[in-house]
Amino acid sequence: MGTIWFWLVAIMIAMYVLLDGFDLGAGAIHLLVAKTDEERRQVLASIGPVWDGNEVWLIAAGGTLYFAFPTLYASAFSGFYLPLMIVLWLLILRGASIEFRNHIKSAVWDPLWDFLFCASSLLLAFFFGAALGNVVRGVPLDSSGYFFEPLWTDFRLGDETGILDWYTILVGVLALLALMMHGGLWVHMKTSGEVNARAGKLAHRAWWGVAALTALVTAVTFRIQPQVKENFTTWPRGFLFPLLAVAGIAGVLFELRKRDERKAFFASCAYLAGMLTSVVFGVYPLVLPARNPVYSLTVTTAKAGVYGLKVGLVWWVLGMILAAGYVTFVYRSFAGKVVVGKDSHGYGD
Amino acid sequence: MYRRGFDVTNRFREFALVHGFHRRRMLRLLMLHRLRLHHCFVMAGVGAFYLLTKRNEFYGRTFVRAGVLVGAVAAILQLFPTGDMQGKLVAYNQQPTLAAMEGLFESQEGAPLAIIGQPDVEKRKLDNPLEVPNMLSFLTYRQWRANIKGLSDFPQTEWPDQIPLLYYSYHVMVGLGTIFIAVMVLAALLHWHGRLYDSRWMLWMLMVCVPFPYIANTAGWMTAELGRQPWLIYGLMSTASGISPRVAAGNAWFTLIGFMGMYTVLAILWLFLIYREIELGPDPGHRPTSEDAIVLAAE
């Protein structure tokens, strides 16, 4: 039962990265691909109806974590106290930028929000990557099951690690580039004209960075987290996950060259899903590895009572059916390229 | 001018105008006020402001009418069944909380309902009380002489640790809630008699009332959180055992100040935007430009 929930949480986080990933990415490239007011409204309109719904996947994943692995939740949420609060501020700032921007047309109003939107999206993408890096690298848990990480210490992989060290920064940069590519492909698919061309070009350029860093981070990860190597040698079938990632990243380049915007975006989805499932498969059965492996939290030590998990499974399935229906409905309703009139407020009207 | 009665074509035109052509601006106003009674008071308040300043009077009347009619229903529903149910939940599950909220120190048969009064926790009594006899017993158990446990019946470790603050936030919430019902019902009655738009004192009242639902809401939130102490999950997990053991107080201060700063900035921007929306009015011929922002900022 614990393993099932381990994968369910993983699926929810993957959904979050796939969905909110593209609107974070769209934000991160906002200033690069859109220069005029009309172009910027195109980018905003492409994510307008969906970005807040996408963010709910993060809340849902957090809630599921709380439900299924309470020990992990207590430990991780107090240990990652500072970065979580900063992420929260960035999410607030980003939401406010999107909502406030179109209320006033002025030379000092919308550029401010455009900048904040871009900066907060950029930092969020980076921070989420660094967070994943922390989980893979392991945190300074002790026998009490708690830890606290400052934002940074000496940037080395010692015993007293901070949120940021050379490894997590590397993963953060990879995440940022990957989401810029992902977001670029989304904007490429959803827009037309100049924005479309710039986004495609940008995704194409980001691709090289993503490919190079993926190789580098994978190599480093195998050295840093011994569990990953162990899992892949014990169950070689797990190589299907990295294979999906490789196929995805190759597919992005292939489809970009063929100018198939939709398929390129979906290939990028496959790449992200492949990367995340590889990590999840690699660290199993650890839910939060410790720097000292003795204190690692595993599926068995962190999971909630079996009865609760069983009942929860029923509700999870029902909830997911609703969510899947809603997501399908929304994306179908807003399918196709966005059209932004000269005088339109961007989205919804 | 507005006439009472069934002028169907006029009504239809109003409806079409408000719901069709200006849905966007209406929606935006509504979106910023998601909560029911807040909606109504803001709608009615903005409408009253337009009527009192004699502009956008067409919309002013529509806003006042919508706000008052829905608001009267919402205000009453808040008392019964929702408020009543919530009160009973507290009475049955969190008995010390109920006693502290009501400022009831000694157990009594036929406990009174304190309207005002200042709790003196050290002497265990309510100073300068103004009370309705037997009312608390009736509201809680539907029996005039039912026994209600006072704080003295519980060990002091079970008491909420901020009794005066809890008492006042609860009374602010309930007091304002009562005023809301009075204002809204009175306004609805005036509307029924066709005199609402000419009653300047009532329009003033509606306009002045706009901030109060926000205060009542915050006070209610405080009541719930303070009342739950010293428990995080009532009777199961204490607040003290819920803290993050490794998060230093300095780090908590950092985030607290950060949140305060963030919310202050957002609140200022929000007030600015709301003021601007109201000032611009719902006139469809007028589009906001940068000049407006400058003019408004200079005013």
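Chains as they are written, first to last, in the numbering used here: chain A, 7 to 355; chain B, -14 to 284. Here a beta-carbon is modelled for each residue, glycine too, at the ideal position from N, C-alpha and C. The model shown is predicted, which means the values in this text are computed figures rather than measured ones.
Give the single residue among A/E61, A/G33, A/A82, A/F272 whose Cα lies nearest to the Cα of A/G144. A/A82
What's the C-alpha gap between B/E107 and B/L265? Using only the alpha carbons, I get a separation of about 54 Å.
Determine, using beta carbons only, whether B/T240 comes closer than 8 Å to chain A. yes
Any C-beta of chain A within less than 7 Å: which residues of the stretch 243 to 258 of chain B qualify? G243, M247, L251, L254, L258
Top-ranked residue by Cα proximity to B/N236, from A/L157, A/V142, A/P55: It is A/L157 whose Cα lies nearest to the Cα of B/N236.
Would you mind stating whether B/D146 and B/Q214 have Cβ atoms separated by less than 8 Å? Inclusion of B/D146 and B/Q214 in the CB contact set at 8 Å is warranted, their separation being smaller than that value.
Using a threshold of 8 Å, state whether the C-beta atoms of B/I133 and B/V117 are closer than that. Cβ atoms of B/I133 and B/V117: not closer than 8 Å.
Given a cut-off of 8 Å on the beta-carbon distance, is the pair A/W57 and A/I104 in contact? yes
So the candidates are B/T240, B/L217, B/P198, B/L181; which of them puts its Cα closest to the Cα of B/A51? B/L181
I'd like to know whether the C-beta atoms of A/L50 and A/L97 end up nearer to each other than 8 Å. no
Residue-level contact to chain A via CB, B/N236, 8 Å cutoff: yes
Please tell me whether B/S229 has its Cβ less than 8 Å away from any Cβ of chain A. yes
Looking at chain B, is there any beta carbon in it that lies within less than 8 Å of the beta carbon of A/L14? no
A/Y87: contacting residues in chain B (beta-carbon distance under 9 Å): S229, R231, V232, N236, A237, T240
Segments assigned alpha helix (DSSP H), at least 4 residues, entirely inside the stretch 107 to 160 of chain B: 120 to 126
Would you call B/L121 buried or exposed, if buried means 16 or more other Cβ atoms sit within 10 Å of its Cβ? Using a 10 angstroms sphere on the CB of B/L121, the tally of other CB atoms reaches 16 or more, which defines it as buried.
From B/G220 to B/T125, what does the alpha carbon distance come to, in whole angstroms? Cα-Cα distance, rounded: 21 Å.
Could you give the distance in angstroms between the alpha-carbon of B/V193 and the alpha-carbon of B/A201? 14 Å
Let me see if you follow: with CB-CB separation under 8 Å, is B/H18 close to chain A or not? Residue placement at B/H18 is flagged as unreliable, the pLDDT there being 37, under the threshold of 50; a coordinate-derived value is accordingly withheld.
List the residues of chain B whose Cβ lies closer than 9 Å to the Cβ of A/Y152, in chain order. S229, P230, R231
For chain B, is any of its Cβ atoms less than 8 Å away from the one on A/W95? yes
Can you give me the start and stop residues for the beta strand (DSSP E) that A/D160 sits inside? No beta strand (DSSP E) holds A/D160; DSSP gives it neither H nor E.
Can you pull the chain B residues whose beta carbon is under 8 Å from the beta carbon of A/I98, in chain order? M247, L251
Tell me, please, whether the stretch 188 to 204 of chain A touches the stretch 10 to 28 of chain A by the rule of three or more beta-carbon pairs shorter than 8 Å. yes
Any beta carbon from chain A within less than 8 Å of B/S226's own beta carbon? no
Exposure of B/Y152, with buried meaning 16 or more beta-carbon neighbours within 10 Å: Buried, by the Cβ-count rule.
Neighbouring residues, chain B, relative to A/S84 (Cβ below 9 Å): I228, S229, P230, R231, V232
8 Å Cβ cutoff, A/F106 in contact with chain B: yes
Look up B/Q103 in the DSSP assignment and give the residues it is bridged to. B/D112
Taking 8 Å as the CB-CB cut-off, is A/H36 touching chain B? With 8 Å as the cut-off, A/H36 does not count as an interface residue toward chain B.
Answer yes or no: do A/S284 and A/P242 have a C-beta to C-beta separation smaller than 8 Å? no
Any idea what DSSP makes of A/E166, helix, strand or coil? Correct three-state label for A/E166: coil.
Where does A/M7 fall in DSSP's three states? Note: A/M7 maps to coil in three-state DSSP.
Round the Cβ separation of A/G178 and A/F132 to the nearest angstrom and send it over; I've been treating them as touching at under 8 Å. 4 Å
Counting only C-beta atoms, is A/A102 closer than 8 Å to chain B at any point? yes
Could you work out which residue in A/G139, A/L170, A/R162 is closest to A/L88 when comparing CA atoms only? A/L170
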